[in-house]
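The letter at position 193 of the sequence shown is residue 192 when you use numbering that gives the first Met the number 0, and the numbering goes up by one with no holes.
Structure first, commentary second.
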Amino acid sequence: MNRRGLGSEYTLDIEAIGRTGRWHHTFSQSLLNTYLQCPEQARHELLGDVPRVESPKMALGTAGHSAIEHKLLHPSADFEECAELMLDTFENRMYLTEFKEDPKLGMDWARKRGVSALNSWWEEILPQVQPEAVELPFQYRLYSDDKRTIDMKGTIDCVDRKDFIWDWKFSGSERKEWKDRRGSVQATAYTRAAGVNHFKYAVMHEQGVQIVPLNITAHHFAWLQYQAVTLATLIEAELPVWPLDDTDWWCDPKWCSVFAAGQCKGQFFPERIGR
């Protein structure tokens, strides 16, 4: 049974409440990252009251993941086969109801940018990959006390036989390594799920390839638990609004469906403000 309209993953188990009196939460790293960017955006995601928006760049990332997954699961697949799969996946996503068109980023752009990024992965990353598991789903107990339980769930791109995790990123620019080293929610959550301590982002950006290696410690995991508890506490308080943050690029109708739906800053600035 849902509690105050929260999405199906964020439920209050009525039977368990009668037995234990505890809330039961299930979070993804994506939700936690959204919460850390802007709590109010995360609240709307939990409520499910705005449509999901997918941009061409997001669709290309999904398509690139599909091509890489296919290669790792079918080692005999050649580059042309995987590139064709990537472009087919991208084109299919253009017909989704949540796809938001950009006249500058259509199939011609996908062929140029997508094939180039996949080629970079193929030549520079693939020779280093020794897959033990590909697209590995997980769910585990992140935290538990007398008020709540919190589970973490997600899907790992690739667990390498050398006891670390690969995660593929398709980006327009290099990743800011210092931010990940300060504390990557994804790396911390995923390494605990796989029982390893090392994580690598493989970033295919417009200038080439970047590898960001991370060493995850018990301190990172304790911090992740604390962050999850703060989100759980906000949910349980059932507040009508959460803190707002419009200080960076994500507060924009291009990236935030809450803004685009006019339910937050979009009430006051219906058009893009610019950067």
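The C-beta atom is built at its ideal place from N, Cα and C for all residues, glycine as well.
Between the stretch 112-125 and the stretch 80-87 there are three or more C-beta pairs closer than 8 Å, enough to call the two in contact. In the displayed model, Leu243 falls within coil according to three-state DSSP, outside both helix and strand. Per the Cβ contact rule, the stretch 85-100 is in contact with the stretch 55-72 (3 or more Cβ pairs under 8 Å).
A straight-line Cα-Cα distance of about 10 Å links Gly63 and His69. Restricting attention to alpha helix (DSSP H) runs no shorter than 4 residues, the stretch 35-120 encloses them at 38-46, 55-72, 78-92 and 114-119, ordered along the chain. Just measuring C-alpha positions, the residue of Asp244, Glu122, Gly113 and Asn214 sitting nearest Asp87 is Gly113. Within the same chain, and ignoring the five residues on either side of His219 in sequence, the residues whose Cβ sits closer than 7 Å to its Cβ are Gly182 and Thr187. Ala227 has no beta-bridge partner at all, per DSSP.
A Cβ-Cβ separation of about 4 Å places Phe163 in contact with His197 under the 8 Å criterion.
An exposed status is given to Val240, since fewer than 16 other beta-carbon atoms sit within 10 Å of its beta-carbon. Per DSSP, the unbroken beta strand (DSSP E) holding Arg140 starts and ends at Pro130 to Ser143. Annotated three-state conformation of Phe258 is helix, per DSSP.
Where Asp162 is concerned, there is no enclosing beta strand (DSSP E), because DSSP gives it neither an H nor an E.
The stretch 29-43 makes no contact with the stretch 157-177, as fewer than three CB pairs between them are under 8 Å.
Scanning the stretch 186-210 for uninterrupted beta strand (DSSP E) segments of 3 residues or longer gives 197-204, listed from N- to C-terminal end. Cβ contact annotation for Cys255 (same chain, cutoff 7 Å, sequence separation greater than five): Gln40 and Trp249, in chain order.
DSSP, read as helix, strand or coil, puts Lys175 in coil. As DSSP reads the structure, His219 sits in no beta bridge. The straight-line gap separating the alpha-carbon atoms of Ala259 and Ala227 is approximately 27 Å. With contacts defined as CB atoms closer than 9 Å, Asp159 and Gln185 fail to qualify as a contacting pair.
Listed in chain order, the non-local C-beta contacts of Leu135 below 7 Å within the same chain comprise Thr154, Ile155 and Val158, local neighbours out to five positions each way being set aside. By a beta-carbon distance limit of 8 Å, Gln209 contacts Arg174. Their separation comes to about 6 Å.
Distance between His73 and Glu270, taken at the CA atoms: about 45 Å. For Trp22, the enclosing beta strand (DSSP E) stretches over residues Trp22 to Ser27. Shortest Cα-Cα distance from Leu125 to any of Ala217, Ala201 and Thr229 involves Ala201. Going by C-alpha positions, Leu213 is about 22 Å away from Tyr34.
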